[in-house]
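Residue numbers (the numbering used here): 270 to 572. Every residue, glycine too, gets a C-beta built ideally from N, C-alpha and C. One structure is given here, and the rest of the page talks about it.
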């Protein structure tokens, strides 16, 4: 006969053994590096995402145009327009569009490199001619001619700023040397007096004071390369191109009488004087030699 207490001990021992066996069958799992596993799987699933992350960590270097700084090229700065770049480089802004394959003249960016010489032209070659003095004929005047000769020192300074009286003189004094004009026959753009002379630092041309509606004339034969109001500080503006060297600009007009690409003749009325983008009625007149403003009084004939 089995003792009851002995039976209970057997049952307890059996239960403990079953529990121990169950515990020994539970796997002992190692900790998981979640970040590593997720990172590797993401890289395998999306190489583009991995490349984008690398690009963010190491930004791509800025691409620099190889023509930047070379002769014949211009790097766009803040505030530039294609019209301004053309004026400053002695070119038609439409030519700049064509040479640079631009579809919209208003879409240029700071840092963009613009070709400012025609394709096929060597920009390093000398493009300026030597400065020569214009030939001046000196001849005697009879008394009648001397009496009827106009006073040269009236409302506007003589070329080069020199003043000479011819009334009562027996001979006409030779005018001071002028810059070479490349055979251009220059004329005055207005009959109004010169109110402000050329100053390379403050005034890039001549300022004529007149009345609203006074005629503005083409200073030489040429072609209209711009007629509009898109250049800040110039108001209603006309720009004429006379040859490969010279441009003239006529600013602040109240009315423009010509249009782009129109051919004009010296002395032709191209605008009416006004005060657009100015504090008074005036004509601001510039002559630019290869884009650089020069003193118009050195080219215009004596009045």
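One thing to note: residue 352 has its Cβ within 7 Å of the Cβ of residue 362.
The three-state reading of DSSP puts residue 354 in helix, counting H, G and I together.
DSSP places residue 572 in the coil class of the three-state scheme, outside both helix and strand.
For residue 545, the closest of 350, 500, 513 by C-alpha to C-alpha distance is 500. Taking a C-beta distance under 7 Å as the contact criterion, residue 494 and residue 473 do not qualify as a contact pair. If you draw a straight line from the Cα of residue 455 to the Cα of residue 565, it is about 10 Å long. Residue 477 places its beta carbon 7 Å or farther from that of residue 569. Going by DSSP, residue 363 is part of the alpha helix (DSSP H) stretching over 362 to 368. In this structure, the alpha-carbon of residue 492 lies about 34 Å from that of residue 335. Within the same chain, and ignoring the five residues on either side of residue 387 in sequence, the residues whose Cβ sits closer than 8 Å to its Cβ are 364, 368. The beta-carbon distance between residue 522 and residue 543, rounded to whole angstroms, is 5 Å. This is short enough to meet the 8 Å contact definition. Cβ contact annotation for residue 340 (same chain, cutoff 6 Å, sequence separation greater than five): 392, 393, in chain order.
Closest in C-alpha terms to residue 462, from the list 451, 471, 484, comes 484. Beta-bridge partners assigned by DSSP to residue 551: 478, 543. The beta-carbon distance between residue 359 and residue 559, rounded to whole angstroms, is 5 Å. This is short enough to meet the 8 Å contact definition. Each residue's CA atom was taken as its position, placing residue 526 and residue 554 some 16 Å apart. Within the region 459 to 508, complete alpha helix (DSSP H) segments of at least 4 residues are not found at all. Shown here for residue 374: same chain residues with a beta carbon closer than 7 Å to its own, the five before and five after excluded, namely 351, 362, 366 in chain order. Boundaries of the beta strand (DSSP E) around residue 563: 561 to 563. Residue burial is scored here from C-beta neighbours: residue 488 has at least 16 other C-beta atoms within 10 angstroms and is therefore classed as buried. In the DSSP assignment, residue 384 falls within the beta strand (DSSP E) that extends over 382 to 384. When DSSP states are grouped into helix, strand and coil, residue 566 belongs to the helix group.
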